[in-house]
């Protein structure tokens, strides 16, 4: 029962921090210090990645009409005109959605080409409190700098997003391989630097997460193997379920928040969290040892 409660809490942490640009890794490192699962290091490493599937399902549910190529016909008819023939509606649905998906695929190419070969090396050598804290602080400062530029965005919708900008956002996503960077943080910063609005930057980041996190979860499951004990299976499902429920709330909060506010609060939060990580691992923890 205790392990299930721990999985529930870790799923809540994942559901909040995966979508807000504050680094889920930084939070999970701190959480692991106090509520680490007692099921072995290999399972914990796999668990921390695979619970993201719950978070991803929240994106699919919330943005279903934008993600599914055979979209809501009535909505398209309203946009195209009541007299639009059915074959035109179907073509519009398929074309617009598939173009968006191809842009997503273009954006994940850098992560596939650069990230996959470096994944194990990054986990082994850079998954340290110092690196995580440094990236929290560096990208916190980056958010403050970007918001203080007062640059006028020129890309407002997915249709306006060019192939070059999509690829550029994908290059920024590669930076998230460094623990503490935050996948959503790096892609939102990249999108805004490339001229996207805050809302579009957040939305495209969510869509990018679907193939990236599905792929990462699949790799971790295959490495771990499919021979779960009943306890491991229950713990994993509880973590995924709690991540899904909390992600539903987090995503809706962020999409509503960025319509009226900037990202400065997340920048300051990252800086403070980075200092907390450093203070704990190099001040509090040595004293407790």
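Residue numbers (the numbering used here): 105 to 393.
Each residue gets a CB set at the ideal place from its N, CA and C atoms; glycine is no exception.
Here the structure is a predicted model, which means the values were calculated and not measured.
For residue i, does the count of other Cβ atoms within 10 angstroms reach 16, so buried, or fall short, so exposed?
i	result
residue 357	exposed
residue 153	buried
residue 333	exposed
residue 291	buried
residue 263	exposed
residue 364	exposed
residue 110	buried
residue 204	buried
residue 232	exposed
Going by CA-CA distance only, name the one from the options that's closest to residue i.
i	options	result
residue 303	329, 277, 281 and 265	265
residue 330	150, 162 and 298	150
residue 125	243, 108 and 205	243
residue 213	322, 111 and 270	270
residue 171	314, 346 and 338	314
residue 322	156, 141 and 115	156
residue 300	278, 268 and 317	268
residue 218	169, 235, 228 and 278	278
residue 319	296, 388, 275 and 216	216
residue 370	115, 123 and 108	123
residue 236	388, 158 and 378	378
residue 105	142, 119, 120 and 138	142
residue 253	296, 139 and 118	296
Mapping the DSSP letters down to three states, classify residue i as helix, strand or coil.
i	result
residue 269	helix
residue 120	helix
residue 354	helix
residue 335	helix
residue 229	helix
residue 214	helix
residue 154	helix
My understanding is that residue i touches residue j, with C-beta atoms under 8 angstroms, so please give their C-beta distance in whole angstroms.
i	j	result
residue 286	residue 127	4 angstroms
residue 240	residue 130	5 angstroms
residue 161	residue 135	Contact flag wrong, Cβ pair sits at about 21 angstroms.
Would you list the residues sitting across from residue i in a DSSP beta bridge?
i	result
residue 259	300
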